[in-house]
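Student: Following this message is one structure expressed as structure tokens.
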Amino acid sequence: GDGLWPNSGEVIEDIPAHEFHYASLEGVSGDQRYAYKVIRGHGIDGEQDGLILNNLTACFAHQRNLTDNKWAENFVGFVRQHKMSRPSSEASQEALTA
């Protein structure tokens, strides 16, 4: 898939995860980006999970942070990188409204 916070250039074939919830979405375009291909479970459309919109990934999969899937560290790195790339005026405005 097209995950937003890649795993340090490593390719992970299987990511240990489980689903707590099931639902369906209406009006999802055919060219929608997804982060994960589902091997077992349902995901969003029966084959994929991790709907990607801009810098957001929305999914039903609950991942475990393991040695071969350090998603929490990669996510924090993604957030830091995104924060550093924001224009300083955005950061200043955010500080004023916080």
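Just remember that my numbering sits 106 ahead of the position in the sequence shown, which is counted from 1.
For glycine and all other residues, C-beta sits at the position ideal for the given N, C-alpha and C.
(1) Cα separation between D120 and R192?
(2) Would you call T163 buried or exposed, if buried means 16 or more other Cβ atoms sit within 10 Å of its Cβ?
(3) Within the continuous beta strand (DSSP E) that includes G152, where are the two ends?
(4) Under 8 Å, with one C-beta from each stretch per pair, do the region 123-131 and the region 144-158 reach the 3-pair mark?
(5) Under the DSSP definition of a beta bridge, which residues are partnered with K143?
Tutor: In terms of the structure at hand:
(1) Within the sequence shown, the letter at position 14 stands for residue 120. Within the sequence shown, the letter at position 86 stands for residue 192. Rounded to whole angstroms, D120 to R192 spans 33 Å at the Cα level.
(2) As a position in the sequence shown, residue 163 is number 57, starting the count at 1. Counting every other CB atom within 10 Å of its CB across the protein chains shown gives T163 a total of 16 or more, marking it as buried.
(3) The sequence position of residue 152 within the sequence shown is 46, counting from 1. In the DSSP annotation of this structure, G152 is not part of any beta strand (DSSP E), being labelled neither H nor E.
(4) As far as the Cβ criterion goes, the region 123-131 touches the region 144-158, which means the pair count is three or higher.
(5) Position 37 of the sequence shown holds residue 143. Looking at the DSSP assignment, K143 forms a beta bridge with Q154.
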